[in-house]
Amino acid sequence: MITIIVGLTHTHLLNFFFCFQESELNSFLWTIKRDPPSYFFGTIHVPYTRVWDYVPENTKKAFKQAENIFLELDLTDPYTISALSKCQLLPHGENLSNVLPQDIYNRLKKHLDYVRDALPEWMTADQKGRGLYPDYLFNAIAGNWERKRPVWVMLMVNSLTEGDIKSRGIPVLDLYLAQMSEQQGKVTGAVERVEEQCVPLNELNFSQVVFALNQTLWQHEIYRQGKESMPYTTDDLIQHYNCGDLNSIIFNHDTAQVPTLVNTSLPPSDLHRAQTIDDYFRNELIDKRNQRMTERVIHLLQKYPQKSFFFAFGAGHYLGNNTVIDRMREAGFDVQHTSPDYTIPE
Ligand SMILES: *[C@@H]1O[C@H](CO)[C@@H](O)[C@H](O)[C@H]1NC(C)=O
Ligand SMILES: *[C@@H]1O[C@H](CO)[C@@H](O)[C@H](O)[C@H]1NC(C)=O
Ligand SMILES: *[C@@H]1O[C@H](CO)[C@@H](O)[C@H](O)[C@H]1NC(C)=O
Ligand SMILES: *[C@@H]1O[C@H](CO)[C@@H](O)[C@H](O)[C@H]1NC(C)=O
Ligand SMILES: *[C@@H]1O[C@H](CO)[C@@H](O)[C@H](O)[C@H]1NC(C)=O
185 MITIIVGLTH THLLNFFFCF QESELNSFLW TIKRDPPSYF FGTIHVPYTR
235 VWDYVPENTK KAFKQAENIF LELDLTDPYT ISALSKCQLL PHGENLSNVL
285 PQDIYNRLKK HLDYVRDALP EWMTADQKGR GLYPDYLFNA IAGNWERKRP
335 VWVMLMVNSL TEGDIKSRGI PVLDLYLAQM SEQQGKVTGA VERVEEQCVP
385 LNELNFSQVV FALNQTLWQH EIYRQGKESM PYTTDDLIQH YNCGDLNSII
435 FNHDTAQVPT LVNTSLPPSD LHRAQTIDDY FRNELIDKRN QRMTERVIHL
485 LQKYPQKSFF FAFGAGHYLG NNTVIDRMRE AGFDVQHTSP DYTIPE
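When the letters of the sequence shown are read in order and numbered with this note's numbering, they come out as residues 185 to 530.
Below, the structure is given as structure tokens:
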């Protein structure tokens, strides 16, 4: 027992005490066997400070050695950011108050007033110490809400929770990797265009969006009253990630960035509508993107056979069905999961 513990790093010890299955120390790294090798790494959308210490040393070494770092989108490119926010806006001249049913609009406004009032309490002393003010944060996330398309307002409502607010202000893991890549003078690139992530969400039809927004608001109204707690929180996601739980479906939700609408206590017709929307998201935001991302990865690998790549995509693209890994293997590539104790060649 003692020899085992001595051999473990500080991080492993933390895992040992906090994870339910302490033997399952795992990693989100896969090696694409070629010379030089290339890598897939699974990220999540949480502040890097909450997960970085748990990322195995061999993953960090693989990143350091790679000449090219490719992400889903290049979040360090100002064009990406402006295109993302533009894509979320209603057509010119439209406003949510003219678009949404009156009842939903009123509930939305009321909910956002509640969030604005709760924000000073939700924020941590550390966030305030770093100069992040509640009004500033609220405006940064929700300031322009009346001009947003309903589907994006639904995602916004879903992200305005105490747990999410507490993790604002520090770069999320994928952004942190992009920043490090630039600092280290690596080539930084993206395998997707903004429109490819954005348009599928905008193509959900109006009655489906209203249904989804209604459901989302309703869930948050229940949480607000303290009657129930949220099924998936940021803390759960981080716990599963740090424990290397490769089986958890929670990563698919983080990757798709959409809530689950299916609730088995819904009446049958609503349940069917919820299922249709969930299936649509799954298909558009995971399956189709896995296919497209894999094609772009293969294109890069074939175009630059001498170069090393490190692909950092949401962990949900590697887990579940029809993953990027599955598709790479179908295309004839040898892709192996890489355990934390594997030695990365120089
Ligand atoms: C949207 O319309 C409402 C009511 O007509 C108005 O009070 C509000 O200022 C408008 N918001 C924006 C962003 O145009
Ligand atoms: C929206 O899409 C659903 C599911 O595809 C369909 O049943 C419904 O008729 C559509 N509604 C409108 C208004 O297009
Ligand atoms: C919102 O959902 C509730 C409960 O399912 C339903 O009674 C109400 O009609 C819905 N509102 C709209 C505008 O769809
Ligand atoms: C699921 O639906 C039931 C009844 O319609 C509701 O009481 C419950 O809060 C819902 N659960 C979630 C997580 O939304
Ligand atoms: C994978 O597909 C199987 C069979 O269609 C399904 O039962 C399972 O829930 C799917 N898993 C995920 C994570 O979507």
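Glycine included, every Cβ here is placed at the ideal spot set by N, Cα and C. Only a predicted model underlies this, so the values are computations on that prediction, with no experimental measurement involved.
If you check the beta carbons only, do Lys411 and Glu251 fall under 8 Å apart?
-> No, they are not a contact pair.
Which of helix, strand or coil does DSSP assign to Ala515?
-> Ala515: coil per DSSP, three-state reduction.
Hey, how far is the Cα of Thr260 from the Cα of Val393?
-> Each residue's CA atom was taken as its position, placing Thr260 and Val393 some 30 Å apart.
Helix, strand or coil for Asp510, going by three-state DSSP, please let me know.
-> Annotated three-state conformation of Asp510 is helix, per DSSP.
Excluding the five sequence neighbours on either side, which residues of its own chain have a C-beta within less than 7 Å of the C-beta of His521, listed in chain order?
-> So the qualifying residues of the chain are Trp214.
What beta strand (DSSP E) runs, 3 residues minimum, are completely inside the segment 448-498?
-> Runs found: 493-498.
Met307 and Ala326: beta carbons closer than 8 Å?
-> Here Met307 is not near Ala326, since their CB atoms are 8 Å or more apart.
Where the alpha helix (DSSP H) containing Ser211 begins and where it ends | Element bounds for Ser211: n/a, residue is neither H nor E.
Would Arg234 be called buried (16 or more neighbouring beta carbons within 10 Å of its own) or exposed?
-> Residue environment analysis places Arg234 among the buried positions, since at least 16 neighbouring C-beta atoms fall within 10 angstroms of its C-beta.
Excluding the 5 residues preceding and the 5 following Phe465 in the sequence, name in chain order all residues of the same chain whose CB lies nearer than 6 Å to its CB.
-> Only Ala440 and Val442 meet the Cβ criterion.
To the nearest angstrom, report how far apart Glu405 and Cys382 are at their CA atoms.
-> Roughly 27 Å between the two C-alpha positions.
Along the chain, which unbroken stretches of the alpha helix (DSSP H) at least 4 residues long are found entirely within the segment 325-398?
-> Complete alpha helix (DSSP H) runs here, min 4: 334-343, 346-350, 357-367 and 378-386.
For Pro489, I'd like the list of residues in its chain whose CB is within less than 8 Å of its CB, leaving aside the five on either flank, ordered along the chain.
-> Around Pro489: Arg218.
Taking one C-beta from the segment 367-374 and one from the segment 319-336 each time, how about it: are there three or more such pairs within less than 8 Å?
-> No: the two stretches stay apart, fewer than three of their Cβ pairs being nearer than 8 Å.
Could you name the residues, in chain order, whose CB is less than 5 Å away from a heavy atom belonging to ligand 7?
-> Absence of ligand 7 is noted for the structure shown, with ligand 1, ligand 2, ligand 3, ligand 4 and ligand 5 being the only ligands found.
Three CB pairs or more closer than 8 Å across the segment 239-246 and the segment 271-279 | Taking a cut-off of 8 Å on C-beta distances, the segment 239-246 does not touch the segment 271-279, as fewer than three cross pairs fall below it.
The beta strand (DSSP E) with Arg222 in it runs from where to where?
-> Looking at the sequence provided, one finds Ser at residue 222 rather than Arg. For Ser222, the uninterrupted beta strand (DSSP E) run begins and ends at Ser222 to Thr227, by DSSP.
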